[in-house]
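Participant: For what it's worth, our numbering labels the leading residue of the sequence shown as -8, then goes sequentially.
Every residue, glycine too, gets a C-beta built ideally from N, C-alpha and C.
Pasting in a structure now, in structure tokens, and then I'll have a few things to ask.
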Amino acid sequence: MIQRPLLVVVVVLLGFIAWGGWSLSRRSASGPVDVAPPRWQSVSASAEELRSALPSWAELLSDSALDPESGLPTPVRDPRTELVYVLVPAGETVIGDVSFSGYSNELARFEDPPSDDFAKTRFAKAFYIGREEVSFGQWKRYLAAQQPPLELDPEAARRLAAYPDDRPMILVTRLEAASFARWAGGRLPSELEWEYAAKGTEAKLRFPWGSSFECGDARLQVDLEEIVGDEEGLLARATLPCGSSQRDRSWCGVRDLAGNAAEWVAVPWRLQVGRSTLEDAEREDLFATRGAVVRGGSWASSVGAGRCTQRDRLMDGGRYDFVGFRVMRMP
């Protein structure tokens, strides 16, 4: 007969083993994927079919095709702003980190009441998002279109004196970025929309292109010793032309989500991404005092910052030489 103290020890040990097995199975089920994510497939269509489905603000490109579900073309171009957009099809995904490998503020939310299942966010309608980040040349076009024309911030103008037009626009506040987005007919994406554009339905996807990183996959962790020189030319050497990293492309064709410049999004900072909602972007609290969310990595970031779930907090009014933005808009 087992003595009572020994029985208690056995019960506790069995309980601990059972809990550990549940925890490990839960984590192993959420491990990183080892292959590239499936690419969303569009369908070919006649020129007439494409034109009839075209949003009023857009024009077709030579490689435009149709999304079979929404019947909308992608990619498309807005001739007024020169921005190119790709379509993000409707669907659902888990927002946040499900592999327990990121920071605590990245953790995905579990279903209510508490269960082993992560909560999914449904994107009921397809939307367009900038294929590339807004470029310096497009920003200058925006400034010139205002009445009266606007000028660059003096310090930004000094630092961007030798900056090429095809590089991502940086050194802008979140309010300035949001103003550009409104002028372009859209808004900044929410961080939920941004993450869905990065990983689609593959909740465990680490980078927009897959699970592994090799040197050159994205403009990350630039060796500053290789680009030192006069200050005006440093940023031109630190960044790359928008969209030029051949592997930094997501399932639906969005470019430079992992690197080149990190990006302002439309929502104020929340402690955990799992607490964000799609409605946050509609409120667009541009004067949030607790800071704003920045998604993705940049030329100044470590490789880990290029993950699909990476998020950081910066002050709304700051101008950062590693933060840019892109525009989201509805059809």
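LEU226 by DSSP, collapsed to three states: which one?
Facilitator: helix
Participant: Does DSSP put GLU184 in a helix, in a strand, or in coil?
Facilitator: helix
Participant: For ALA253, count neighbouring C-beta atoms within 10 Å of its own C-beta (all shown protein chains included) and say buried if the count is 16 or more, exposed if not.
Facilitator: The residue in question, ALA253, is buried, as its Cβ has 16 or more Cβ neighbours within 10 Å.
Participant: Please report the Cβ distance between ALA44 and LEU57, rounded to the nearest whole angstrom; I am assuming they are in contact, meaning their Cβ atoms lie under 8 angstroms.
Facilitator: Indeed they touch by this definition, with Cβ atoms about 7 angstroms apart.
Participant: First and last residue of the alpha helix (DSSP H) that includes GLU50?
Facilitator: Note, GLU50: premise wrong, no alpha helix (DSSP H); beta strand (DSSP E) at 50 to 57.
Participant: When DSSP builds the beta bridges, which residues end up paired with TYR133?
Facilitator: In the DSSP output, where bridge partners are listed per residue, TYR133 has none listed.
Participant: Which of the three DSSP states, helix, strand or coil, is assigned to ALA117?
Facilitator: Here DSSP, grouped into helix, strand and coil, assigns ALA117 to coil.
Participant: In terms of alpha-carbon separation, which member of ASP156, SER47, GLU193 and GLY297 lies closest to ALA209?
Facilitator: GLY297
Participant: Considering just the uninterrupted stretch of the beta strand (DSSP E) at LEU41, what are its terminal residues?
Facilitator: Run containing LEU41: none in the beta strand (DSSP E); it sits in the alpha helix (DSSP H), 38 to 43.
Participant: Determine the extent of the beta strand (DSSP E) in which TRP255 is found, giving its start and end residues.
Facilitator: In the DSSP annotation of this structure, the continuous segment of the beta strand (DSSP E) that includes TRP255 starts and ends at 253 to 259.
Participant: Going by C-alpha distance, which of TYR76, ASP144, MET160 and GLY250 is nearest ARG122?
Facilitator: TYR76
Participant: What's the gap between the Cα of ALA291 and the Cα of VAL213?
Facilitator: So the two alpha carbons sit approximately 6 angstroms from each other.
Participant: Out of curiosity, what's the CA-to-CA distance linking LEU277 and LEU143?
Facilitator: In this predicted model, LEU277 has a pLDDT of only 46, less than 50, meaning its place in the structure is not dependable; the value taken from the coordinates is given anyway. LEU277 and LEU143: Cα-Cα distance of roughly 20 angstroms.
Participant: Taking the beta carbon of ASP307 as the centre, do at least 16 other beta carbons fall within 10 Å, making it buried, or is it exposed?
Facilitator: Here ASP307 is buried, its C-beta having at least 16 other C-beta atoms within 10 Å.
Participant: In angstroms with no decimal places, state the Cα-to-Cα distance between GLY12 and TRP260.
Facilitator: Legend: pLDDT at GLY12 = 36, less than 50; position of this residue unreliable, no value from coordinates given.
Participant: Pull up the distance between the alpha-carbon of ALA135 and that of SER293, whole angstroms please.
Facilitator: Between the alpha carbons of ALA135 and SER293 lies a distance of about 36 angstroms.
Participant: Using a 10 Å radius around the Cβ and a threshold of 16 neighbouring Cβ atoms, would you call VAL34 buried or exposed?
Facilitator: By the neighbour-count rule (16 or more Cβ atoms within 10 Å), VAL34 is not buried but exposed.
Participant: With a cut-off of 8 angstroms on the beta carbons, I'd call LEU179 and ALA168 a contact; round off their distance for me.
Facilitator: 6 angstroms
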